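Notes follow once the structure below has been shown.
Residue numbers (the UniProt record's numbering): 1 to 342.
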């Protein structure tokens, strides 16, 4: 089997059928791919919708589990996946009709460990908000992560997020190194999974063919109140432990220095993100609490070769979180002034 598509499902009854039907609307044989849907204890009728679709399509697999979070849902799907490649898709998104055949044709011609696929962000009116631009990379297999970083765009609302969906992964590599999503990490779990996979992947491709339609839904967990909650705080610490233990376990097998830098950068991101949320919310009591909690758990890493501004953020944080707060404030003011001058 060529492809295992994994879909975690929780409170997405209004979207899941559109998602699955878009995947089935492909001009490749259905015995070449499977769709593994994981009902993560959803309180709506997601499970019933998928069962009805199973009557129409024979390549849909349904796993029902108690609510355990998106990471465990994806991990459970990965553990039973039979495809040569694994493709995560979010249930409120969908893919372009008959897009998979052309993508798989490129995959067959160019061997790589990872294939990043084109994404278009659309609003609730169906209007295009942003899209990835992989033009100029046709037929190129990259070893350095420079192309990946450059095509992500600047760190803005309309940049390519730290996503794990719309990416083709080799199942054999995942199984060999037991690369899974971190448990009990409620935010940026995608970034950890991708960084771990990239660490052991020798090369990758950027495919510019139309493929993934990302729908922007109103409401998000990425706000200051959430970041300062105990669930988020514990989650960031779990994420730090996951990245650090992975780095220590496989440091002798990670061949490229830019892969190590990528892991370190995600680690620094998890250190500073709750602090940035507290600063932006002007919650200085919460800031002090986060500094205390993080200071007791984080390990100092070599950050001098990270990309800006993470090299500055990491260096100042490991010297003292309070120095980081000062550095972040100065860099933020500088960026604001630079935009005004432009």
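Glycine included, C-beta positions come from ideal geometry on N, C-alpha and C. Since this is a predicted model, take the numbers as computed values, not measurements.
In whole angstroms, give me the CA-to-CA distance for residue i and residue j.
i	j	result
residue 254	residue 199	6 angstroms
residue 36	residue 20	10 angstroms
residue 100	residue 27	8 angstroms
residue 30	residue 87	15 angstroms
residue 1	residue 249	31 angstroms
residue 96	residue 126	13 angstroms
residue 237	residue 133	34 angstroms
residue 93	residue 135	23 angstroms
residue 220	residue 328	Because residue 220 sits at a pLDDT of 44, beneath the cut-off of 50, its placement in the model cannot be relied upon, and the following sentence gives the value as read from the coordinates. Each residue's Cα considered, the two are about 24 angstroms apart.
residue 298	residue 18	43 angstroms
residue 24	residue 57	8 angstroms
residue 210	residue 287	43 angstroms
residue 290	residue 228	8 angstroms
residue 259	residue 196	9 angstroms
residue 285	residue 110	53 angstroms
residue 283	residue 274	11 angstroms
residue 214	residue 201	26 angstroms
residue 334	residue 341	11 angstroms
residue 75	residue 203	23 angstroms
residue 139	residue 105	12 angstroms
residue 179	residue 320	32 angstroms
residue 222	residue 124	Since pLDDT at residue 222 reaches only 46, below the 50 mark, its modelled position is unreliable, and the value read off the structure follows with that caveat. Cα-Cα distance, rounded: 19 angstroms.
residue 336	residue 277	17 angstroms
residue 65	residue 84	25 angstroms
residue 60	residue 52	10 angstroms
residue 14	residue 185	26 angstroms
residue 176	residue 150	29 angstroms
residue 303	residue 169	28 angstroms
residue 42	residue 339	44 angstroms
residue 251	residue 257	10 angstroms
residue 245	residue 295	18 angstroms
residue 172	residue 114	12 angstroms
residue 148	residue 50	35 angstroms
residue 188	residue 182	10 angstroms
residue 129	residue 79	35 angstroms
Find out if the Cβ-Cβ distance for the pair residue i, residue j is shorter than 7 angstroms.
i	j	result
residue 266	residue 231	no
residue 112	residue 70	no
residue 160	residue 152	yes
residue 73	residue 38	yes
residue 167	residue 116	yes
residue 268	residue 235	no
residue 67	residue 108	no
residue 6	residue 77	yes
residue 263	residue 247	yes
residue 190	residue 162	yes
residue 216	residue 118	no
residue 293	residue 233	yes
residue 91	residue 192	no
residue 323	residue 309	no
residue 3	residue 33	yes
residue 306	residue 261	yes
residue 226	residue 271	no
residue 89	residue 165	yes
In this structure, what does DSSP give as the bridge partners for residue i?
i	result
residue 19	Answer is none; residue 19 lacks a bridge partner.
residue 199	According to DSSP, which records beta bridges pairwise, residue 199 is partnered with nothing at all.
residue 131	120
residue 48	The partner list for residue 48 (beta bridge, DSSP) is empty, contrary to what the question assumes.
residue 391	In the structure as shown, the chain starts at 1 and stops at 342, and residue 391 therefore has no counterpart that could be examined.
residue 299	According to DSSP, which records beta bridges pairwise, residue 299 is partnered with nothing at all.
residue 34	4
residue 187	Paired residues: none, contrary to the question.
residue 65	40
residue 204	142
residue 88	6
residue 307	The partner list for residue 307 (beta bridge, DSSP) is empty, contrary to what the question assumes.
residue 167	116
residue 215	122
Check: Is there contact between the region 3-15 and the region 43-53, where contact requires at least three CB pairs shorter than 8 angstroms?
Finding: The region 3-15 and the region 43-53 touch, with no fewer than 3 CB-CB distances between them shorter than 8 angstroms.
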